[in-house]
Amino acid sequence: MTAIATDTQMRLLIIEDDRESADYLVKAFREVGYVADLAGDGEEGLALAEGGDYDVLVVDRMLPKRDGLSLIGALREKGNRTPVLILSALGQVDDRIKGLRAGGDDYLPKPYSFAELLARIEVLSRRRGGPAEDTTYRVGDLELDRLSHRVMRGKEELTLQPREFRLLEYLMKHAGQVVTRTMLLENVWDYHFDPQTNVIDVHISRLRSKIDKGFERPLLHTIRGAGYMIRDGIR
Amino acid sequence: MTAFGKLIRTTAFRLTLVYLFLFALFAAFLLGFFAWNTRHLITEQITTTVNAETGEISDIFGRRGLRGLVLTIENRALRPGANLYLVTTPAGQAIAGNVGSLAPGVMATTGWSETAYRRLDEQDSSNHFALVRVTELPSGFRLLIGRDLEERRRLFGIVAKAAQFSLLVVIVLGLGGGIFVARRVLRRIDAMTGTTQRIMAGDLSGRLPVGRSGDELDRLAGNLNAMLERIEALMMGLKEVSDNIAHDLKTPLTRLRNRAEEALAKSRTEPEYRSALERTIEESDGLIRTFNALLMIARAESGQARGNMDDFDAADVARGIHELYEPLAEDDGMTLRVKVERAPIHANRELISQALANLVENAIKYGKPESTVQPLAPTAETDRKEILIEAKRVGDRVLLSVTDRGPGIPVADRKHAVERFVRLEASRTQPGSGLGLSLASAVATLHGGDLRLDDAHPGLIATLAIPALSGGSDRLAAQTQDMPQKAA
């Protein structure tokens, strides 16, 4: 749905022992045009991950034969730096910290929405490098200078609050990718709980009123059922 | 196991046996020492007198000859309580003395010996024992002087009797004492066992009997009772939670199911299906949130989250939450303000943030001034719509509070409001899981503090009171100075 076809197809390895959820994931990823391989246990997963050239590994924590965290540890020890997204029913803050310490790059507690998983995988993937480390991000006529903290839309300079700046920076770093509310809360605010209110939406609408209001072409889009995306309309 | 078998298996009883043995050994040693010393003393006394008399009589023999000797012996032998005397010729014929018979061969060797003897004047045949010294006088006569050992024997008799008696006393007293102590302990242990068995059978309200003596068993019982108290509270909590979960999770699940059924039965067009499915996802997202909140509360309550604690300034958390919620409050027509001073704590930052976020969300949701009620005092309208986040240190506590100007919570409901899934009348119409205050309270408890709900006249002050970080406050100084820029 939101995946943007790239020159080379995204290759995923899903290591998950529950057959039904694994099949669902493989099918869903194939529908958005990804190549998705499947491993049913930790050992098989490790062998496949070492052998294949994957963009992202999706690893369940509790696996037969070898658990997810030890699998990641073994991979990292051998110098394999493929981004890993950990999927787990253990969703508390300390589980998350444990997962990331073990070498995971992102952590998504079950149950998750596929839109969230997809958005995170896109952000993790190496293929979609984009402007990650540039000092200036550009989307359409919007320009953000990471060094001087100046934001220009066309010829007009925009005044942003520090948090608005960081919000925009994160969105522009992942321009063209869906960014979910949880991702924003985690990466811009560094909170890992889900608020019961639409607190992120309010921040987005403030930002939107600053960067899009009065301009002909809106750049900050709401992706229904998933999150937000900043991109130049045509692309 | 019989009652007696149980008794003799008690530690108290076994200890008694050990002490019994030790005391018996001690008594035996004491008596033995006494007997041996006395015997030594008696023997020494006999030897001294006999030696003296031997010298004296040899002297008489030397001066007055055989006749003087015999006269002296006969004379001395007749005194009451006299020593033993015997004079024999070189041929072995007794010529004077008070000894009737002797063990054979005694007279043949000179020097000290112990021998059986009988006095001349004694008719009975029972033998007595004596310690005797045989001396050869010049011209082949032999002189025997000795002393009866009856005294020594009697002494030994007394000692032996004393030994028997004291042993008996030790055994009787020891066993009696042991049984008494063992039974006392056993009775109390049996009472404890009975209670624990009742508890194991499911009656968690049972408590161990605690005596008034304050001894080790009482202290143990006291501690076990405290443990039982905690277990019971946890079990009650668990039961309450499962009851609440049954109710509060089944309700949305039922709604979910009904909607799906309705969609299956009635929907005709794709948009209809789509909207039914969207609502289904919304509902299940709500369920997931409730689940997560419950798990988090459970984890905070069980103390598992103690691992990820750092030293940080609570003012930092207050500013962060203010920054996150300020636009939301403004959209709702309220003003969110923050007022902080340095308040160092050692805590799980994520949990503290979430607890404070919950309090702020509550204030935004329920803290609106009641429009129908006219303010008693003419307060400015802006004040009435203000929510204040405060972080400060008071004594050894750090207080993180959220004050709103809404209707507040009646005193009677405050305790209740913290419980899981409790949604007070005023809030029933608002969306929410009813877990916000429970989580905040569990987080406060995890950190050794508490959640306080007070009247703000008007409004509600919800305060997380957490033990302040002592000593390590200097480490935070540098961080705190950075803060104003970060939260500006």
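Each protein sequence line maps, in turn, to chains A and B.
Just so you know, my numbering puts 217 at position 217 of the first sequence, and the rest follows in order with no gaps.
Just so you know, my numbering puts 1026 at position 26 of the second sequence, and the rest follows in order with no gaps.
By construction, the Cβ of each residue, glycine as well, lies at the ideal position given by its N, Cα and C atoms.
Quantities reported herein were computed from a predicted structural model and do not represent experimental measurements.
Inter-residue spacing [alpha-carbon to alpha-carbon] between D1285/B and E20/A: 20 angstroms
Beta-carbon neighbours of N1292/B, restricted to chain A and to distances below 9 angstroms: G91, Q92, P109, F193 and D194
Limits of the alpha helix (DSSP H) - the one that T1280/B falls within: E1270 to S1302
Closer than 9 angstroms to chain A by CB, Q1197/B: no
Residue burial classification, I954/B (beta-carbon count within 10 angstroms, cutoff 16): Coverage of chain B is limited to positions 1001 through 1488, which leaves residue 954/B absent and any answer about it impossible.
Boundaries of the beta strand (DSSP E) in which T1403/B is found, first to last residue: R1397 to D1404
Unbroken beta strand (DSSP E) run spanning T1115/B, endpoints: G1111 to R1119
Partners in chain A for I1189/B, counting only beta-carbon separations shorter than 8 angstroms: Simply none; closest approach about 42 angstroms.
Neighbourhood of L12/A by C-beta distance below 8 angstroms, restricted to the same chain and skipping five residues each side: F29, Y34, V35, A36, D37, Y54, D55, V56, L57, V58 and I121
For M1334/B, the three-state DSSP class (helix, strand or coil): coil
Minimum Cβ-Cβ distance from R1289/B to chain A less than 9 angstroms: Closer than 9 angstroms: yes.
Local Cβ density within 10 Å of D1215/B, reported as buried at 16 or more and exposed below that: exposed
Length of the line joining the Cα atoms of P1375/B and D1455/B: Caution is warranted here: a pLDDT of 49 is assigned to P1375/B, below 50, making its placement in the model unreliable, and no coordinate value can be reported.
Strand pairing of V1132/B, partner residues [DSSP]: S1113/B and G1146/B, per the DSSP bridge assignment.
Three CB pairs or more closer than 8 angstroms across the region 1328-1341 of chain B and the region 1291-1300 of chain B: no
Cut-off 6 angstroms between Cβ atoms - residues of its own chain near A1182/B, not counting five sequence neighbours on either side: Cβ neighbours of A1182/B within its own chain (closer than 6 angstroms, five residues either side excluded): L1007, T1010, A1012 and F1013.
Nearest-angstrom beta carbon gap, V123/A and M172/A [assumed within contact, 8 angstroms]: Between V123/A and M172/A the Cβ distance is about 13 angstroms, and since that is not below 8 angstroms, they are no contact.
Below-9 angstroms beta-carbon distance, A1357/B vs any chain E residue: No chain E appears in the structure shown, which is made up of the protein chains A and B.
Interface partners of T82/A on chain B, CB under 7 angstroms: The premise fails here: T82/A is roughly 27 angstroms from chain B at the closest Cβ pair, so nothing lies under 7 angstroms.
Segment contact, 8 angstroms Cβ cut-off, at least three pairs: the region 1130-1137 of chain B with the region 1012-1027 of chain B: Not touching, per the Cβ criterion.
Beta-carbon proximity check, I72/A vs A102/A, cutoff 9 angstroms: yes
Under 7 angstroms by beta carbon: chain B residues contacting R163/A: E1323
I1389/B to L1324/B span [Cα, whole Å]: 12 angstroms
Ranges of the alpha helix (DSSP H) found wholly within the region 56-135 of chain A, counting only runs of at least 4: 68-77, 93-101 and 114-124
Through-space distance from P195/A to I1245/B, alpha-carbon basis: 20 angstroms
Distance CB(R1079/B)-CB(L1155/B) smaller than 9 angstroms: For R1079/B and L1155/B, no; Cβs fall outside 9 angstroms.
7 angstroms Cβ cut-off: residues of chain A touching R1299/B: Q92
R1219/B versus V1210/B: straight-line alpha-carbon distance, rounded: 8 angstroms
Cross-chain neighbours of G1327/B in chain A, by beta carbon under 9 angstroms: Gly is not the amino acid found at residue 1327/B; the sequence shown has Pro there. Correct list: V199, V202, H203, S205 and R206.
Cβ-based burial, I1158/B [other Cβ within 10 Å; buried from 16]: That one is exposed.
Contacts that I97/A makes with chain B (C-beta to C-beta distance below 8 angstroms): Going along chain B in sequence order, the residues near I97/A (Cβ under 8 angstroms) are N1308.
Euclidean distance between Cα positions of L1256/B and G214/A: Looking at the two C-alpha atoms, the distance is approximately 42 angstroms.
Secondary structure of P1209/B, DSSP reduced to three states: coil
Three-state secondary structure assigned by DSSP to V1018/B: In the structure shown, V1018/B sits in a helix (DSSP, three-state: H, G or I).
Chain-ordered chain A contacts of D1450/B [CB-CB under 7 angstroms]: Contact note: D1450/B does not reach chain A at a C-beta cutoff of 7 angstroms; the least C-beta distance is about 21 angstroms.
Three CB pairs or more closer than 8 angstroms across the region 1386-1403 of chain B and the region 1336-1344 of chain B: yes
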